[in-house]
Amino acid sequence: LAPVIASIAQQGQLICLDEFQVTDVADAMILQRLFAGLWHTEGCVVVTTSNRAPEDLYWNGLQRDRFLPFIDDLNQNCSIVNMLSSEKDYRMLLKAGGVFLDDDDDDDDDDDDDIGF
């Protein structure tokens, strides 16, 4: 698995996965080692979207108990953002205009503007 991890990291340090889900027992068994290598050995940043919370990944899967440590790793190494709890539906903003810029009027104590595509 180490050569695969190195090859992925060589292509870029930012890895984006859309609609991340786990449905296969073989995939479930490999993911923890793959992500650990990307995070800790290669220093990659992984961004994913999913319709499921990490705790719901591979729900009712075969040998799910062996997958649970990966869920712990996800929660420890990732910032989990639940878009359903947001007051803004960013999907609707994208349909309306393409690119949006939040002028930072939300008093979140950072100086960053939030940009989306």
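One gets my numbering by counting positions in the sequence shown from 1 and adding 1131 to each.
Cβ atoms here follow ideal geometry from the backbone N, Cα and C, with glycine treated the same way.
Nearest C-alpha to residue 1155 among 1194, 1173, 1140, 1212: 1194.
Residue 1135 is bridged by DSSP to nothing; it lacks a bridge partner. For residue 1145, the uninterrupted beta strand (DSSP E) run begins and ends at 1145-1148, by DSSP. Secondary structure remark: continuous beta strand (DSSP E) runs of at least 3 residues inside the region 1136-1218, in chain order: 1145-1148, 1176-1179. Here residue 1153 has 1159, 1162, 1188, 1189, 1192, 1198 as same chain residues with Cβ atoms under 8 Å from its own Cβ, once five neighbours each way along the sequence are excluded. Of the other Cβ atoms in all chains shown, 16 or more fall within 10 Å of the Cβ of residue 1169; this residue is therefore buried. Between residue 1139 and the set 1149, 1157, 1177, 1150, the nearest pair of CA atoms involves 1177. At a Cβ-Cβ threshold of 8 Å, residue 1164 and residue 1132 count as neighbours.
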